[in-house]
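Enquirer: In full-length UniProt numbering, the protein residues as written are 1 to 262.
Glycine is no exception: its CB is placed at the ideal position from the N, C-alpha and C atoms.
Remember, it's a predicted structure, so these values are computed and weren't measured experimentally.
My questions will all concern the structure given below.
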Amino acid sequence: MSTPGPADSDSLRAPRLPPVYRLIALDSVGSTMDEARRLAEAGAEDGTLVWAREQTKGRGRLGRSWASPRGNLYLSLLLRPDCPPAQAAQLGFVAALALGEAIGSVSPPVDVTYKWPNDVLLHGRKVAGLLLESRSTPEGGLDWLILGMGVNVATFPKEANYPATSLRFEGVPRDVDEVDLLEAFGRYFMSWASRWLEDGFAPVRAAWLRHAERLGQEIEVRLPNQSLAGTFRDLDAEGHLLLGQADGTTRRIAAGEIFPVG
């Protein structure tokens, strides 16, 4: 079911999404993540999707601000999968694949790659970032997980910690807007999430690795208190990065940021 909101009354048409989603459409909001969290804590159902035309306090990973002007796509999706919190984190890879296929469905051929852990690139430049937040139950299970997404459709920041781009800059037609991308993402995410639920992480991991940015190459991994250099060897069965080091050992990394070397 879709819930009409202020965004439905302007020049953009209302998105048409599969019935598994409950759409909350807003013209402007501080942060879709914060709004989705509020709804989650109030008991909102699985599939609640908060979409806003703009954010005034958008945020990305590590508390960084996320510039959120009109013309781009900003959404947060509330999920309540029946699985442990660590396993639910694999939904970041599911979402990346869904977004990559959504972009491919609305654009001419583009080189989509996935940058560990949660970024989507076009021709080596960041077009989207994903953010996961969750809350566990007192028993250690998963209460809810929120998947946040910002996609540069029309514009992109000129100054960022990783080179950025937009769909428009990469040649996607001007008549493709954020509603088109939202609809496509909704379809592909539903498909990939169903496959993840039925078949586990293995097919998701394999598809992600086929388009992994810097796989087999030298990278720098930035952690909170140090940086590591090595070769991006693989993902393990949980989605952790396997970093080959100069001494021949492999380090398993659960969270961090990767950058090219040289």
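Can you pull the DSSP bridge partners for W51?
Expert: In the DSSP output, where bridge partners are listed per residue, W51 has A25 and L75.
Enquirer: Tell me the rounded alpha-carbon separation between R125 and V179.
Expert: In a straight line, the C-alpha of R125 is about 22 Å away from that of V179.
Enquirer: Measure the alpha-carbon distance for D8 versus A98 and round it to whole angstroms.
Expert: Residue confidence for D8 is low, a pLDDT of 42 falling below 50, so the modelled location carries little weight; the figure read from the coordinates is stated next. Whole-angstrom Cα-Cα distance: 24 Å.
Enquirer: Whose C-beta lies closer than 8 Å to the C-beta of P163 among residues of the same chain, with five residues either side of it excluded?
Expert: Counting only Cβ-Cβ distances below 8 Å, and skipping sequence neighbours, we find G124, R125 and K126.
Enquirer: I'd like the span of the alpha helix (DSSP H) that includes P85, first residue to last.
Expert: It spans P85 to A88 - the alpha helix (DSSP H) in which P85 sits, taken as one unbroken run.
Enquirer: Between the alpha carbons of E213 and V120, how many angstroms are there, rounded?
Expert: In a straight line, the C-alpha of E213 is about 9 Å away from that of V120.
Enquirer: In this structure, does DSSP put E183 in helix, strand or coil?
Expert: Here E183 sits in helix by DSSP.
Enquirer: State the start and end residues of the unbroken alpha helix (DSSP H) segment that holds P100.
Expert: Note on residue identity: the sequence assigns Gly, not Pro, to residue 100. Where G100 is concerned, the enclosing alpha helix (DSSP H) stretches over L91 to V106.
Enquirer: Out of curiosity, what's the CA-to-CA distance linking H240 and R252?
Expert: C-alpha separation (whole angstroms): 6 Å.
Enquirer: Verify whether the separation of the beta carbon atoms of T56 and I24 is less than 8 Å.
Expert: No, the Cβ-Cβ distance between T56 and I24 is not below 8 Å.
Enquirer: Name the DSSP bridge partner or partners of D143?
Expert: In DSSP, D143 forms no bridge with anything.
Enquirer: Closest by CA to F232, which one among E238, P173 and E220?
Expert: Comparing Cα-Cα distances from F232 to each of E238, P173 and E220, the minimum goes to E220.
Enquirer: Which residue's Cα is closest to the Cα of A154: A202, V176, L142 and E139?
Expert: A154 has its Cα closest to that of V176, out of A202, V176, L142 and E139.
Enquirer: What residue range does the alpha helix (DSSP H) around V112 cover?
Expert: First-last for V112: V112 to K115, but that is the beta strand (DSSP E), not the alpha helix (DSSP H).
Enquirer: For my contact list, R205 and L235 are in at a C-beta cut-off of 8 Å; report their separation, rounded to the angstrom.
Expert: Right, their Cβ atoms sit about 6 Å apart.
Enquirer: Of all the beta strand (DSSP E) runs that stay within the bounds of the segment 171 to 247, which reach a length of 3 or more residues?
Expert: Those beta strand (DSSP E) runs which fall completely within the segment 171 to 247 and span 3+ residues are 218 to 222, 227 to 235 and 241 to 244.
Enquirer: For E257, write down the residues that DSSP places opposite it in a beta bridge.
Expert: DSSP output for E257 lists R222 as bridge partner(s).
Enquirer: Ends of the alpha helix (DSSP H) at A36?
Expert: Per DSSP, A36 belongs to the alpha helix (DSSP H) from T32 to E41.
Enquirer: Decide if the segment 68 to 88 is in contact with the segment 35 to 49; the criterion is three or more beta carbon pairs, one per stretch, under 8 Å apart.
Expert: They touch, by the three-pair rule.
Enquirer: Tell me, to the nearest whole angstrom, how far the beta carbon of M33 is from that of I146; I am working on the premise that it is less than 8 Å.
Expert: Indeed they touch by this definition, with Cβ atoms about 6 Å apart.
Enquirer: Use the C-beta contact count for M1: other C-beta atoms within 10 angstroms, 16 or more gives buried, fewer gives exposed.
Expert: With a pLDDT of 35 at M1, under the threshold of 50, the modelled position of this residue cannot be trusted; read the value that follows with caution. Result: exposed.
Enquirer: Run through DSSP, which three-state label would D119 get?
Expert: Strand, per DSSP.
Enquirer: Within a Cβ cutoff of 8 Å, which residues of the same chain sit near Q226, ignoring the five residues on either side of it in sequence?
Expert: Excluding positions up to five away in sequence, the list is empty.
Enquirer: Taking the alpha-carbon positions, what's the L228 to R37 distance?
Expert: About 34 Å.
Enquirer: Thinking I258 and W144 are a contact (beta carbons under 8 Å), I'd like their distance in whole angstroms, please.
Expert: Not confirmed; about 28 Å, so no contact.
Enquirer: How is S134 classed by DSSP in three states: helix, strand or coil?
Expert: Reduced to three states, the DSSP call for S134 is strand.
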